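S.K.:
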Amino acid sequence: MNKKSPKLCLIIFHLVFLLAVNFAKAQKNKLEPFFDETMAMYGYRNGDGKVKITPEFSDASPFFNGYAKVTIDDRQGIINQKGKIIIPVIYEAVGWSGNKNSHVLFKNGLIGIKLNGVWGVINEKSETILSPRFDYLEPFHKGLAVIGKWTDGDKVEFGVVKSDGNFLLLPEYETLEIKIEAEVIIAKKYIEGELQAGAISLDGIEILPFVYREIEQLNNGEFRISDFNGKWGLYNDELNKIYPHTLDSIGEVQDKRCIVKAENRYATINAKGEALTPFKYKKLILQDTALQGETFSEFQLITREKELKGKFYYDSVVNVGNNLFAAYASGKRSLLSDNAKQIWFEQYDRVRPFTDNLVLVEEYGQVGVIDQTGKFLIPVQFRSIKVDGNNRLIVTKIDYTKDIYDKSGNNLTNGKYKHISPFQSDRYRVEMYDNSVAFLNSDLQIVSEGWQNGSNYKEGYAAVKTNDYYGVIDLDNNWVISPYIDSLIIVNKNYFIFYDNKEWGTVNNNGVELYKSDASTYSFYPQGTLLVKYDGNQGLINTYGSEVLSPIYKSVSTPTSDSLVYVSKDRNQFYMDLRSMQEPEGTEMLNLEYDKNHTAGYFRAKVYGLYGFVDYLGRIRVYCQYEDVHYFSEGLAGFKLGGKWGYFNKRGQIIIQPAFEKITGFNNGYAIVKKGGKWGLINRDIKPIIPFEYDSIEETKYGNYIVKQGNKTGIYRSKDFLSIYPKFDEINDCGNGAAIVKINGRYGVSQLDGITIAYPEYDRVKYNPFDNSFFLIQNGSNGKKIE
């Protein structure tokens, strides 16, 4: 190799030298137009500055393929490099129409000429090929040329003429371009007022119908074509479709591949339309031959049975219904099925969960309903849609009238009623168009009608008005209270409020008057009680309609779950038990140290440094003889004695002897307790349900138990106390018999009995409550080179 190198170098030197000599000769002999100031005319000279063609032209263009266009007295012709006139200087213009063809002269031995404002074609011998009659003319390619004619509408329409002067395509197209390599003509024309694109062969046969918005040829010969939905498809050089019309954009082909975009995500395909990468990129560019981009997060959807349903590539994905997901990519929203198939893209403002099988869709403040396939059951044209107690949908229209739909989207009332109230106590209350009130049963049959007015049914009763007076009826339309009262309100099944003869009061469902007043007022309190007000004071009517506190107190609190109220009277504040009604003097608790919190009517109290329980009258209920006590839970309270904790009942009887270092209250029959420095779980029989070997135990909101040993975490399920031993860094109970687990910064999914659903190898895991499924998530990359 080294012995041949000097000889090879010599050959290369001679080749370069010869090329340089030839280039210098060519430059020297090249003719360029110049302006002779003395003669005020244009001529041509070579690279040495020697005049080769005498200045005699008012304008001159550079030579192109051995010919140059010259002008004399506003007329144009063609000369060769010897200065000989090839085409007489008698035409208004020679060459072709349009800026893109201004430098082109002869094409296949033909040239365009313009005379009397129109274009024709002659050959190099000035023989007429096409007589001047066109307003626009492009060079011939394979015997065809694009021509244009002015229309009455003051615009040019284009066609194609053959070199023999006959039309291949009449001038009826808005745009027209001959693609030589593909041997096809791309054109646009108006069809029913819409500009539509199609393709025609060089024989004049329609290849693609005129049903497209755009047809563009790519740099490698393929075509990208847009339909009128704005979606692009990819076609080969023979205009056969190789990728469907699902793309928002198609880039140029580089390195035998192109970048495509759909649903605001990018991918790559090859020139055959085959996928090279999935649509998982937020940004994607081709740098030389390498792809660079930023990927979306990958969401793998798996079931409890470990079945992979699909892969989603988005910024975020939200489970909005059974098998339905709202996905977001760079701010754009899609609705997807569980196999990641798009149902629609960016069509509505918002989608949100509604019922297990239905999803609420919003747009411009109006709502509709779709099912789990994305099919619209109720169109987006209503003010609101709500589920009633009969598992039907109450739909409020724009004019505020209402209809009832079933969950298949069938309108069951079809505008029959002026107003429909939600389903209560097995009845619908409806207002008729004559302003009367009727009641429908669950089958939407009228079971009671013709009332002047009426309330919704409540706990089996409704107040109705007939002949200007109110009464109460039950579900069988029987009178419970005869219609002779000015007004009635149903409070609950125990009592009703009446207004009559300027008095108000309460009456039970047997018609027995319980309370009456012509001076006091009332307001509703929780649990079916009433706050009574009179002369600046307050009293209370209980859930049965009876007066339990006369209006003699400055204030009365809302009743608690253990029937206590906090009242103020004569500058004293004290508790009262609505079950006993004994009013304290207000001084019973003054010398006691007690908590204002209470359970089961008992207050935690402290006497001489020891704890027990008292009632609202300050009476000892459990002797204050313990180092500490906890509040009651499931009938038992914790107590501390001799440094250890146990449990007693409301009578103070010890149920579990003090043997524990720390305790919690009982819940669902179990208590978390600490013994020997470790936590366990016991039942009322003191049986260890979870052994005493953990540093901490915490009950989840689903009733299972998270346990920790050192820095590792496990979990017991409550139904059978099978467990995952402490081996994870974190455990998140999903409430479906499975948990999201974390170890070494990676997430996975495990059943509570320890069977693995997904190994901890993901950046994140998300539970989907509607589908009872999981997303295994790998976070996206950012600006990295993609192999």
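Taking the numbering used here, the leading residue of the sequence shown gets 1, the next gets one more, and so forth. Cβ atoms here follow ideal geometry from the backbone N, Cα and C, with glycine treated the same way. Note that this is a predicted model, so its numbers are computed, not measured.
With three or more C-beta pairs closer than 8 Å as the rule, is the segment 270 to 289 touching the segment 318 to 325?
M.R.: No: fewer than three Cβ pairs fall under 8 Å.
S.K.: So Q217 is in the beta strand (DSSP E); what residue range does that whole segment cover?
M.R.: 214 to 217 is the extent of the beta strand (DSSP E) around Q217.
S.K.: CB-CB under 7 Å to P353, same chain, minus the five flanking residues each way: which ones, in chain order?
M.R.: Excluding sequence neighbours, P353 sits near V320, G321, V359, F770.
S.K.: Are the Cβ atoms of G95 and N80 separated by less than 8 Å?
M.R.: Taking 8 Å as the Cβ cut-off, G95 and N80 do not qualify as a contacting pair.
S.K.: Would you call L195 buried or exposed, if buried means 16 or more other Cβ atoms sit within 10 Å of its Cβ?
M.R.: Per the 10 Å Cβ criterion, exposed.
S.K.: So, at 8 Å on beta carbons, what are the nonlocal neighbours of I743 in its own chain, with the 5 sequence-adjacent residues on each side left out?
M.R.: Closer than 8 Å at the Cβ level, and outside the excluded window around I743, lie K727, F728, D729, P760.
S.K.: By alpha-carbon positions, which one of V507, N477, E503 ends up nearest to V491?
M.R.: Answer by Cα proximity: V507.
S.K.: Give the DSSP-derived three-state secondary structure of P584 in the structure shown.
M.R.: Here P584 sits in coil by DSSP.
S.K.: Put Q452 into one of helix, strand or coil per three-state DSSP.
M.R.: In the structure shown, Q452 sits in coil (DSSP, three-state: anything other than H, G, I, E or B).
S.K.: For the candidate residues S633, G638, S555, P209, whose alpha-carbon lies nearest to that of Y611?
M.R.: Of the listed residues, the one whose Cα sits closest to Y611 is G638.
S.K.: Could you compute how far the alpha carbon of K407 sits from the alpha carbon of D720?
M.R.: Distance between the alpha carbons of K407 and D720 is about 38 Å.
S.K.: Near T277, what residues of its chain come up, given a Cβ to Cβ distance below 6 Å and the 5 sequence neighbours on each side ignored?
M.R.: Taken in chain order, the residues that qualify are A267, T268.
S.K.: On the criterion of 16 or more Cβ atoms from any shown chain inside 10 Å, does N108 qualify as buried, or is it exposed?
M.R.: With fewer than 16 other Cβ atoms within 10 Å, it is exposed.
S.K.: Quick one: residues in its chain with C-beta nearer than 7 Å to the C-beta of G635, no 5 flanking neighbours on either side, listed in chain order?
M.R.: N649, K650.
S.K.: Rounded to whole angstroms, what is the Cα-Cα separation between Q709 and I689?
M.R.: Cα to Cα, Q709 sits roughly 17 Å from I689.
S.K.: Where does Q81 sit, in a helix, a strand or coil, going by DSSP?
M.R.: Residue state, collapsed to three classes: coil.
S.K.: Could you tell me which whole beta strand (DSSP E) segments of length 3 or greater appear in the segment 125 to 205?
M.R.: Runs found: 128 to 134, 144 to 150, 156 to 162, 167 to 173, 175 to 179, 184 to 191, 194 to 201.
S.K.: Report the option in G676, I656, K418, S487 whose CA atom is closest to the CA atom of N683.
M.R.: Looking at the Cα atoms, I656 is the closest of the given residues.
S.K.: Which of helix, strand or coil does DSSP assign to G536?
M.R.: It is coil, neither helix nor strand.
S.K.: Should the segment 384 to 401 be called in touch with the segment 415 to 425, which here means at least 3 C-beta pairs below 8 Å?
M.R.: Short answer: they touch.
S.K.: Let me make sure I understand the geometry here. Which of Y522, P526, Y544, G545 has the alpha-carbon closest to that of G536?
M.R.: Taking only the C-alpha atoms, the option nearest G536 is Y522.
S.K.: Spell out the partners DSSP gives T466 in its beta bridges.
M.R.: For T466, which the question treats as bridged, DSSP gives the partners Y469.
S.K.: Please name the residue or residues paired with S517 in a DSSP beta bridge.
M.R.: DSSP lists W504 as partners of S517.
S.K.: Here's the rule: buried if 16 or more other CB atoms are within 10 angstroms of the residue's CB, otherwise exposed. What is R717?
M.R.: Counting Cβ neighbours within 10 Å, R717 comes out buried, since at least 16 surround it.
S.K.: Between D403 and the rest of its own chain, which residues show a CB-CB distance below 6 Å, the 5 nearest in sequence each way excluded?
M.R.: The residues are V395, N411, T413.
S.K.: Starting from the C-beta of N219, find all residues in its chain whose C-beta is less than 8 Å away, skip the five residues before and the five after it, and write them out in chain order.
M.R.: Excluding positions up to five away in sequence, the list reads E252, V253.
S.K.: Can you give, in chain order, each stretch of the beta strand (DSSP E) that sits fully within the segment 632 to 677 and has at least 3 residues?
M.R.: Correct list: 637 to 641, 644 to 648, 654 to 660, 670 to 675.
S.K.: Could you give the first and the last residue of the continuous beta strand (DSSP E) run that contains H598?
M.R.: Segment 593 to 599, the beta strand (DSSP E) holding H598.
S.K.: So is T713 buried or exposed if we call it buried at 16+ other beta carbons inside 10 Å?
M.R.: Label assigned to T713: buried.
S.K.: Is it right to say F498 is buried, meaning 16 or more other beta carbons lie within 10 angstroms of its own, or is it exposed?
M.R.: Buried is the call here.
S.K.: List the residues that DSSP assigns as beta-bridge partners of S334.
M.R.: Per DSSP, A327, F345.
S.K.: Grouping DSSP H, G and I as helix and E and B as strand, with all else coil, what is K606?
M.R.: Three-state result, K606: strand.
S.K.: Mind listing, in chain order, the continuous beta strand (DSSP E) runs of no fewer than 3 residues lying wholly within the segment 232 to 304?
M.R.: Here the runs fully enclosed are 232 to 235, 241 to 247, 257 to 262, 265 to 270, 275 to 287, 290 to 295, 297 to 303.
S.K.: Using DSSP's beta-bridge definition, name the partner residues of I207.
M.R.: DSSP, once it has assigned bridges, lists no residue as partnering I207.
S.K.: Does DSSP classify G112 as helix, strand or coil?
M.R.: DSSP places G112 in strand when its eight states are reduced to three.
S.K.: Would you mind sorting F228 into buried or exposed? The rule is 16 or more other CB atoms within 10 Å of its CB.
M.R.: Counting Cβ neighbours within 10 Å, F228 comes out exposed, since fewer than 16 surround it.
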